[in-house]
Structure formats: structure tokens, C-alpha cells
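Residue numbers (my numbering): 4 to 182.
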């Protein structure tokens with residue numbers, strides 16, 4: 004069990020030689036989608052706010068609460084699919100597969116912290132953080148391609164640009180309707 008736990012927690016998130024099995028890939032993609040969309044949704048209403056520490060707390064809180072909810076939901080779903088309680092190793096795997104939720108908050112928090120320390124204007128930091136999330140959303144196409152064990156093509160790039168345009172349109176609609 005010790006060596007299995009150690010290898011589970013220390014192997015690379017993306018294997019270069021062997022693609023993830025479909026269940027793990029789907030779980031990580033789901034976490035990636037949830038994390039990015041909910042962090043962006045947390046950032047957008049805060050654009051007008053000048054309280055940098057509050058925005059950092061909102062982004063961090065969103066990431067942590069979404070991570071916990073995602074781990075719980077994925078664990079329940081996996082338990083239902085298997086018809087039994089999950090083992091400790093399976094629960095740890097769910098934790099590991101949910102890490103993309105947390106990683107979605109790292110860049111926005113670092114960028115917002117630059118405004119908190121006065122290195123960048125608050126509004127500029129906010130826009131940079133939002134653009135960073137839009138880039139992550141666009142890059143989902145590359146993540147999905149990689150998790151499938153495929154190489155990116157020209158169509159992958161076109162799909163990424165299209166996804167970024169759609170995500171931007173969603174953000175614009177949200178801002179117009181809620182502000």
C-alpha cells in the first residue's frame with residue numbers, strides 16, 4: 004500500500020508515454036472545466052471593486068470550495084458506478100484528479116497579489132487575471148487532446164480560438180446582464 008500510495012501521489016499529472024485511462028482523464032477534464040469557469044465567474048463581478056484582498060479571498064474561497072465539492076461529487080459518482088464504497092487509494096485518486104480546480108486559481112491570485120502590493124493597478128491586475136482564465140479555457144482543447152494521447156493539429160488551434168471567442172462572448176453577456 005505504501006508504494007502504491009507513493010507512486011499515486013508522485014507520478015506526473017500528464018504522462019508523456021501513456022495516456023490516462025478514460026475515467027481519470029474525464030475526471031481531470033471535469034475539474035479543469037469547473038475550476039476555470041467558476042474562477043472566471045468569481046472574477047467578473049469583482050472587476051469594479053478596488054478591494055484587492057477581498058477579490059483574492061473570493062478567488063481562493065471559490066477554488067477551495069469548488070475543489071471540495073468536486074472531490075465529493077466525483078467520489079459519490081464513482082461509488083455509485085462501482086456499486087461499493089471507495090478504497091482509500093480511490094479516494095486519494097479523486098483528490099489528485101481534482102487538482103485542476105485548485106490550479107485554476109493560482110495565476111489569478113498571483114496577479115491580484117501584485118495589485119495588493121501596489122506593483123500594478125487593481126483594474127489592470129483584474130483584467131490580466133480574467134484574460135489568464137480565458138487563455139486557460141481556450142487551452143482546454145489542447146488539454147483534452149493531450150489527455151486522449153493525441154498530438155495537436157491545426158484544427159486544435161482553430162478549436163481553441165473558437166472556444167476563447169465563445170468564452171469571451173459568455174463573459175460579455177454576463178457582465179452586460181449583471182452590471
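All residues carry an ideal CB built from backbone N, CA and C; glycine is no exception. Note that the coordinates shown come from a computational prediction; the quantities given were computed from them, not determined experimentally.
Start and end residues, alpha helix (DSSP H) containing residue i
i, result
"residue 155", "Run containing residue 155: none; DSSP gives neither H nor E here."
"residue 111", "102-119"
"residue 31", "25-46"
Proximity of residue i and residue j at Cβ, strictly below 8 Å
i, j, result
"residue 110", "residue 135", "yes"
"residue 45", "residue 32", "no"
"residue 116", "residue 40", "no"
"residue 28", "residue 150", "yes"
"residue 93", "residue 81", "yes"
"residue 47", "residue 133", "yes"
Neighbourhood of residue i by C-beta distance below 7 Å, restricted to the same chain and skipping five residues each side
i, result
"residue 63", "108, 112"
"residue 163", "141, 142, 144, 145"
"residue 70", "101, 104, 105"
"residue 19", "Because the pLDDT of residue 19 is 49, which lies under 50, any placement of that residue in the model is unreliable, and the question is left without a value."
"residue 155", "145, 148"
Cβ shell of residue i (< 6 Å), same chain only, five flanking positions each side left out
i, result
"residue 73", "34, 37, 101, 104"
"residue 2", "A query on residue 2 cannot be resolved here, the shown segment of the chain reaching from 4 to 182 and no further."
"residue 131", "114"
"residue 67", "none"
Nearest-angstrom Cβ-Cβ length linking residue i and residue j, presumed shorter than 8 Å
i, j, result
"residue 89", "residue 78", "6 Å"
"residue 148", "residue 159", "5 Å"
Same chain, Cβ closer than 8 Å to residue i, five either side skipped, listed in chain order
i, result
"residue 138", "167"
"residue 241", "Because the chain spans 4 through 182 in this model, residue 241 falls outside it and cannot be assessed."
"residue 56", "119"
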